[in-house]
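Protein chains in written order, with my numbering: chain X, 6 to 189; chain H, 6 to 189; chain E, 6 to 189; chain P, 6 to 189.
Reviewing the structure listed below.
Protein chains: 4
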Amino acid sequence: MNETGRVEAFSDGVFAIAITLLILDVKVPASVGPGNLGGVLLEEWPMFLAFLTSFFTIGVMWMNHHRLFTIIGAVDDALVGLNLLLLLGITWIPFPTALLATHLRTTGNDRTAALIYASTFFVMAIFFQILWHYATHTAGVIPTEKEEHARHITRQYMWGPLFYVVAIVLAIFSGTACLIRLSK
Amino acid sequence: MNETGRVEAFSDGVFAIAITLLILDVKVPASVGPGNLGGVLLEEWPMFLAFLTSFFTIGVMWMNHHRLFTIIGAVDDALVGLNLLLLLGITWIPFPTALLATHLRTTGNDRTAALIYASTFFVMAIFFQILWHYATHTAGVIPTEKEEHARHITRQYMWGPLFYVVAIVLAIFSGTACLIRLSK
Amino acid sequence: MNETGRVEAFSDGVFAIAITLLILDVKVPASVGPGNLGGVLLEEWPMFLAFLTSFFTIGVMWMNHHRLFTIIGAVDDALVGLNLLLLLGITWIPFPTALLATHLRTTGNDRTAALIYASTFFVMAIFFQILWHYATHTAGVIPTEKEEHARHITRQYMWGPLFYVVAIVLAIFSGTACLIRLSK
Amino acid sequence: MNETGRVEAFSDGVFAIAITLLILDVKVPASVGPGNLGGVLLEEWPMFLAFLTSFFTIGVMWMNHHRLFTIIGAVDDALVGLNLLLLLGITWIPFPTALLATHLRTTGNDRTAALIYASTFFVMAIFFQILWHYATHTAGVIPTEKEEHARHITRQYMWGPLFYVVAIVLAIFSGTACLIRLSK
Chain X
6 MNETGRVEAF SDGVFAIAIT LLILDVKVPA SVGPGNLGGV LLEEWPMFLA
56 FLTSFFTIGV MWMNHHRLFT IIGAVDDALV GLNLLLLLGI TWIPFPTALL
106 ATHLRTTGND RTAALIYAST FFVMAIFFQI LWHYATHTAG VIPTEKEEHA
156 RHITRQYMWG PLFYVVAIVL AIFSGTACLI RLSK
Chain H
6 MNETGRVEAF SDGVFAIAIT LLILDVKVPA SVGPGNLGGV LLEEWPMFLA
56 FLTSFFTIGV MWMNHHRLFT IIGAVDDALV GLNLLLLLGI TWIPFPTALL
106 ATHLRTTGND RTAALIYAST FFVMAIFFQI LWHYATHTAG VIPTEKEEHA
156 RHITRQYMWG PLFYVVAIVL AIFSGTACLI RLSK
Chain E
6 MNETGRVEAF SDGVFAIAIT LLILDVKVPA SVGPGNLGGV LLEEWPMFLA
56 FLTSFFTIGV MWMNHHRLFT IIGAVDDALV GLNLLLLLGI TWIPFPTALL
106 ATHLRTTGND RTAALIYAST FFVMAIFFQI LWHYATHTAG VIPTEKEEHA
156 RHITRQYMWG PLFYVVAIVL AIFSGTACLI RLSK
Chain P
6 MNETGRVEAF SDGVFAIAIT LLILDVKVPA SVGPGNLGGV LLEEWPMFLA
56 FLTSFFTIGV MWMNHHRLFT IIGAVDDALV GLNLLLLLGI TWIPFPTALL
106 ATHLRTTGND RTAALIYAST FFVMAIFFQI LWHYATHTAG VIPTEKEEHA
156 RHITRQYMWG PLFYVVAIVL AIFSGTACLI RLSK
C-alpha cells in the first residue's frame with residue numbers, strides 16, 4: 006500500500022491534457038468565400054457539439070475521480086493498474102470525438118461513429134465501477150471512518166452505466182439523436 | 006465543502022496546457038522561395054500578434070485565478086462546476102486564436118473572426134464574475150479573516166468585462182483594430 | 006543534494022503528456038465510402054495496436070519510475086540529468102509509434118519501423134538501469150532504512166532489457182511479429 | 006509577497022508540455038519507396054538534431070529554473086510577470102525548432118531559420134538574467150540565509166548569454182554550423 010499523492014497528480018495531468026487537446030480537433034475552416042465565415046462555422050455545429058459534450062463528460066469524470074480519491078486512502082499495484090485503465094479511456098476520448106465531428110454527416114457513417122462514441126463512455130463507466138468495486142472490497146484502501154461515505158457513493162453511481170446504454174441504443178437508429186442525448 | 010488543492014492543480018494543468026498549445030497554430034511556412042523566409046514570416050504578423058495576445062490573456066487570467074484561489078478557502082460542487090466553465094473558456098481560446106490568425110486578411114471575414122475572438126474573452130470575463138460572485142456570497146468559501154481582501158478584489162475586477170465590450174464594438178468595424186486593442 | 010518533489014512533478018507532467026499525445030497519431034480516416042466507416046477502421050488495426058502498446062509501455066514505465074522514487078530520497082545534479090535522459094526517451098515514444106502505425110504495412114518498411122520501435126524501448130530500459138545503478142551507488146541518494154528494499158528492486162529489474170532484445174530480434178524478421186510480442 | 010508553490014507548479018507544467026510537444030514536429034515521412042524508410046529517415050538528420058538540441062535546452066533551462074526557485078522564497082506580482090515572460094520563451098521554442106528542421110536545407114533560408122533559432126535562446130538567457138536580477142535586488146524575495154548561495158549563482162550565470170551570441174554570429178554564415186554549435 007502506498008499513499009495516493011502521485012497517482013492523483015498523474016491522473017490530474019492526464020485529465021487536464023485530454024480535456025485541453027479536444028480543441029485541436031475543432032478545425033479552422035480553410036477555404037471560405039468572402040464574408041462567408043459565419044455561415045461556414047454554423048454548418049459545423051456537430052464539431053462544436055461533440056467538443057462540448059466530450060469536454061463536459063471528461064470534466065464530470067474528473068469530478069467523480071476527484072470524489073473517489075478523497076475517500077480512497079491508499080493504493081496498491083492493482084488499483085494503480087485499474088486507474089491506468091481508466092486513464093486509457095480518458096486519453097482515448099479525443100479520437101471518437103473527432104470521428105463523430107467528421108462523420109456525423111457523411112452518409113451511412115453517422116451511426117458507426119456515434120456507436121463508437123457512446124460505447125467509449127459506456128466502457129469508461131464500467132471501468133469506474135470496476136475500480137470502485139475493487140477499492141471498496143480491498144482491505145486497507147478505504148479508512149474505516151469513510152466507509153459510510155463510500156457506501157453512499159456506491160448507491161449513487163450504481164446506475165451510471167445505464168445512461169450510456171440508452172445512448173448506444175439511440176446510436177443504432179441515428180447518430181444525431183445519440184449525440185444530442187449525450188450532450189444533455 | 007472540500008479543500009481547494011486538487012481543483013487548483015487541475016486548473017493549473019489546463020492553463021499550462023492551453024497556453025503552450027497556442028504555439029501549435031503558429032505554422033511554419035512550407036513553400037518559401039530561396040532566401041525569402043524572412044519576408045514570408047514578416048507577412049504573417051497577424052499570426053504572431055494573435056499568439057502573443059492570447060498568451061498574455063491566458064497568462065493574466067491565470068494570475069487572476071491564482072489570486073482568487075489564495076482567498077478561496079474551500080470549494081463545494083457548484084464552485085467546482087463554475088470553475089469547469091471557466092476552464093472551458095481557457096481550453097477554447099486556441100480555436101478563436103487560430104481563426105483570427107487565418108482569417109484576419111481574408112476579405113470580409115476579419116470582422117467575424119475578431120468578433121468571435123473578442124467575444125470569447127468577454128464571456129470569460131463574465132464567467133470570472135459569476136465564479137467570484139458565487140464565492141463571495143456562499144457561506145464557508147471565504148475565511149472570515151480574508152473577507153476584507155475579497156471586497157477589495159471585487160471592487161478591482163468590477164469593470165473588467167467592459168474592456169472587452171470596447172474590443173467587441175471595434176470588431177464590428179475592423180478585425181485589425183480589434184486585435185491591436187486586445188494586444189495592449 | 007536536493008529533495009525530489011519538483012523532479013517528480015516535472016517527470017509526472019512529461020509522462021502524463023506523452024501518454025496523452027499518443028492519441029494525436031490515431032487519425033480519423035477522411036475519405037470513407039457511405040456506410041464503410043467500420044470496415045475502414047478495422048483495417049487500421051496496426052494504428053490501434055501501436056497506440057495500445059505504447060500507452061501501456063509508458064504506463065508501466067511511469068509505475069516503475071514512481072516505485073524507484075518512493076525509494077530515492079534525494080537527488081543531485083547528475084541524477085536530475087539521468088532522469089532527463091529517461092524523459093527524452095518518454096517524449097520520443099510518440100514518434101516511433103506513429104512510424105510503426107504508418108509503415109507496418111508499406112512493403113519492406115515494416116521491419117525498419119519495428120526495429121526503431123523496439124530499440125526505443127530497449128534503450129529506455131537501459132536508461133532505467135543506468136539511473137538506478139547511479140542511485141544505488143551514490144551516497145545520500147537512498148536512505149539507509151530503504152537499502153534492503155532497493156536491493157530487492159535491483160534483482161527484480163535486472164533482466165528487464167532482455168524482454169526488448171527478443172522484440173528486436175523478432176523485428177529483423179517481421180514487423181508484425183515484433184509488435185504483437187511487445188503488446189503482450 | 007506570496008509563496009512560490011503555485012508559480013512553480015504552473016511553470017513545471019509549461020516546461021513539461023513544451024518539452025513534450027517538440028516531438029509533434031518530428032514528422033513521419035509519408036511517401037516512402039519499398040524498403041527505403043531507413044534511408045529517408047537518415048536524410049532527415051536536421052529534424053532529429055533540432056529536436057535533441059531543443060529538448061536539452063529546455064531541459065537545462067528547467068534545471069536552472071528549478072535551482073533559482075530553491076533560493077527564491079517568495080514572489081510578488083512583478084516576479085510572476087517576469088516568470089511569465091520566461092514561459093513565453095519556453096512555449097515559443099517549438100516554433101523556431103520546426104522552422105529550422107524544415108528550412109535548414111532549403112536554399113538561402115538556413116541562415117534566417119538558424120538566426121531566429123539562436124536568437125530565441127539568446128533572448129531567453131536575457132529573460133533569465135532580468136528575472137534573477139529582479140529577484141536578487143528586491144527585498145523579501147530571497148531569505149537572508151540564502152543570500153550567499155544567490156551571489157554564487159549570479160557569478161555562475163553571468164556569462165550565460167555569451168554562449169548564444171557565438172551561435173548567432175555563426176548563424177550569419179551557416180545555419181548548419183549554428184545548429185551544431187548549439188547542440189553541444
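Positions of the beta carbon are idealized from the N, C-alpha and C atoms, including for glycine.
For N88(P), the enclosing alpha helix (DSSP H) begins and ends at 82-97. Secondary structure at N69(H): helix, using DSSP grouped into helix, strand and coil.
Boundaries of the alpha helix (DSSP H) harbouring R160(P): 152-162, taken from the DSSP string. Around P148(X), the same chain offers G78 as residues with beta carbons nearer than 6 Å, after the five sequence neighbours per side are excluded. Pairwise C-beta distances place the segment 70-77 of chain E out of contact with the segment 8-24 of chain P, as fewer than three of them are shorter than 8 Å. Between G113(H) and L92(P), the C-beta spacing is not below 9 Å. Under the three-pair Cβ rule at 8 Å, the segment 153-166 of chain P does not count as touching the segment 94-106 of chain P.
The continuous stretches of alpha helix (DSSP H) do not include V37(E), and DSSP gives it neither H nor E. Comparing alpha-carbon positions, the option among L42(P), F61(P), A83(P), T58(P) lying closest to I135(P) turns out to be A83(P). According to the DSSP assignment, D17(E) belongs to the alpha helix (DSSP H) that extends over 10-26. At least one C-beta of chain P is nearer than 9 Å to the C-beta of D82(E). Taking C-beta separations shorter than 8 Å and ignoring five residues to either side along the sequence, the partners of L184(P) in its chain run P51, L54, A55, T58, L105, L109, A119, Y122, following chain order. Each residue's CA atom was taken as its position, placing S179(X) and R116(X) some 6 Å apart. In summary, V31(H) is buried, with 16 or more beta-carbon neighbours lying within 10 Å of its beta-carbon over all protein chains present.
Between the C-alpha atoms of I28(P) and Q161(X) there is a straight-line separation of about 42 Å.
Following the DSSP letters along the chain, one finds A140(H) inside the alpha helix (DSSP H) bounded by residues 115-141.
F15(E) is not a Cβ neighbour of H142(P), given a cutoff of 9 Å. Interface with chain X (9 Å Cβ-Cβ cutoff): P39(E) is included.
Nearest Cα to I177(X) within the set D17(X), S124(X), P101(X), V19(X): S124(X). Not flagged as an interface residue toward chain P: M66(H), since no C-beta distance is shorter than 9 Å. Spanning the alpha carbons of F132(H) and N88(H) requires a straight line of approximately 9 Å. Of the residues assessed, W67(E) falls on the buried side of the cut-off, its CB having 16 or more other CB atoms within 10 angstroms. If you look at I77(X), you'll find it isn't in any alpha helix (DSSP H); DSSP assigns it neither H nor E. Distance check between L90(E) and each of T181(E), F60(E), M129(E) places M129(E) closest, using alpha-carbon atoms only.
Taking V37(E) as the centre and dropping the five residues before and after it, the same chain places the C-beta of V45 closer than 8 Å to its C-beta, in chain order. The continuous alpha helix (DSSP H) containing A182(H) extends over residues 180-187. Within chain P, I28, L29 have C-beta atoms less than 8 Å from the C-beta of P99(E), given in sequence order.
Against chain X, the beta carbon of T75(E) has neighbours under 7 Å at N7, listed in chain order.
Taking the CA atoms as reference points, T159(E) sits about 43 Å from V146(P). Using a CB distance below 8 Å, no part of the segment 45-70 of chain P faces chain H. Buried is the label assigned to W137(P), since at least 16 other Cβ atoms lie within 10 Å of its Cβ. At the C-beta level, T25(X) and A23(H) come within 9 Å of one another.
Among the CB atoms of chain P, one or more fall inside 9 Å of the CB of F15(E). Taking C-beta atoms as the reference points, V85(H) and V19(H) fail to come closer than 9 Å. Interface criterion not met: the Cβ of L87(P) is under 9 Å from no Cβ in chain H.
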